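Sequence positions in the sequence shown follow full-length UniProt numbering and run 1 to 313. Single-structure report; data block below.
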Amino acid sequence: MDSRRITTSQRETTRPFSLKKQSRLGENIIQGFLLFCGVLSMFTTIGIVIVLGSESIAFFRQVSIVEFLTNTVWSPQIDEFGILPLLLSTLLTSTIAMFIALPTGLAAAIYLSEYASRRARSILKPVLEVLAGVPTVVYGYFALKFMTPLLKSVFGEANVNIYNMASAGLVMGIMIIPLVSSMSEDALSAVPRALREGAYGLGATRLETAIKVVLPAGISGIIAAFVVAISRAVGETMIVAVAAGAKPTFTFNPFEAAETMTGHIARISGGDLSYASIDYNSIFAIGLTLFLMTLGLNMISRRLVRRFREVYE
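Right, dumping it as structure tokens:
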């Protein structure tokens with residue numbers, strides 16, 4: 001009898017313990033929801049590509065791609081569909097915006113990460129968040145009613161049109177500053193404290209530590225912030241629709257009126273366009289061009305982030 005009890009006890013102690021993860025209903029539901037969100041976003045992107053591609057094919061059956069990419073006149077009334085005027089004005093306003101947003105946003109991020117006290121950070125952060133929350137149409141009328149008169153007073157009434165790309169680009173840069181500063185500040189704050197302490201121990205000043213140690217260590221996140229900001233500027237609609245003008249003009253003068261790709265889409269899509277007409281299909285061709293531009297920026301961003309990424313243990 002005793003030997004049987006010992007044998008049974010030994011069997012119970014030698015039974016292998018299962019390391020298999022126990023399934024929980026809550027975790028399974030969350031995992032399934034996250035999977036659903038990922039699949040939904042993937043199929044949404046595929047749907048956008050299919051819609052843009054199918055409608056653009058209908059447009060390019062009537063307009064050659066070479067003419068679309070090289071013609072400097074966009075005038076559907078006379079069957080001229082050259083995207084260069086719209087593309088040039090988009091790039092000019094985005095470039096002006098980047099000259100304002102990138103250095104200012106990065107400087108604000110360096111200050112918040114390396115110089116600002118807890119009290120100053122608690123004040124400046126909400127201010128930046130308020131700038132990010134202002135509707136873009138308000139920025140558009142701010143550009144039209146404030147920035148344009150300011151440019152006229154500086155450069156002369158005759159040199160600056162009421163609708164111009166410069167005012168739209170400047171205000172768009174102000175709008176993007178919170179995006180750049182927030183993402184860059186997160187990248188700088190993620191740099192290990194040990195690097196700063198090591199630089200201070202070697203006798204570096206706070207500015208030298210910020211510029212020569214922290215900034216290079218967080219460069220991958222800063223590059224990602226810059227690319228996202230550029231994509232945001234390229235895709236902005238209401239500011240350029242209100243302040244830049246509604247005339248597709250091929251000009252390099254930022255003080256003249258011109259129409260961007262997004263502004264043109266916003267203007268003509270609200271009009272009376274017959275379905276499947278060439279004007280209607282041209283909207284999707286412009287949208288496909290914007291999609292390819294932002295896709296190219298994202299691909300460049302991934303390569304740059306992978307190239308300059310720093311890994312710390």
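All C-beta atoms in this analysis are idealised placements derived from N, C-alpha and C, irrespective of residue type, glycine included. In this text, all values refer to a predicted model and were calculated from it rather than measured experimentally.
Check, Outcome
"The alpha helix (DSSP H) enclosing residue 241, as first and last residue numbers", "238-243"
"Candidates 185, 59, 130, of which the one nearest residue 289 by Cα", "59"
"Buried versus exposed call for residue 146 [16 or more other C-beta atoms within 10 Å across all chains shown]", "exposed"
"Beta-carbon gap between residue 226 and residue 98 smaller than 9 Å", "yes"
"Through-space distance from residue 76 to residue 280, alpha-carbon basis", "10 Å"
"Cβ distance (whole Å) where residue 109 is taken to contact residue 179 below 8 Å", "No, residue 109 and residue 179 are not in contact; Cβ-Cβ is about 11 Å, not under 8 Å."
"Where residue 81 falls: helix, strand or coil (DSSP)", "strand"
"Buried versus exposed, by CB contacts within 10 Å (16 or more), residue 114", "buried"
"Inter-residue CB distance, residue 163 and residue 245 (contact presumed, cutoff 8 Å)", "4 Å"
"C-beta atoms of residue 293 and residue 140 nearer than 9 Å", "no"
"Range covered by the alpha helix (DSSP H) that runs through residue 230", "219-234"
"Cα-Cα separation between residue 182 and residue 195, rounded to whole angstroms", "21 Å"
"Any 3 or more C-beta pairs closer than 8 Å across the region 197-206 and the region 124-141", "no"
"Same chain, Cβ closer than 6 Å to residue 278, five either side skipped, listed in chain order", "62"
"Helix, strand or coil at residue 117 according to DSSP, with G and I counted as helix", "coil"
"Spatial distance of residue 217 from residue 187 (CA atoms)", "9 Å"
"Residue 210 versus 247, 69, 193, residue with shortest Cα-Cα distance", "193"
"CB contact flag (residue 86, residue 259, <9 Å)", "yes"
"Three-state secondary structure (DSSP) of residue 274", "coil"
"Residue-chain proximity (residue 69, chain B), Cβ-Cβ < 9 Å", "In the structure shown, chain B cannot be found, because there is only a single protein chain."
"Segments of 4+ residues assigned as alpha helix (DSSP H) that fall wholly inside the region 163-211", "165-189, 193-201, 206-209"
"Outcome for residue 1 when other beta-carbon atoms lying within 10 angstroms are tallied against a minimum of 16", "Because the pLDDT of residue 1 is 46, which lies under 50, any placement of that residue in the model is unreliable, and the question is left without a value."
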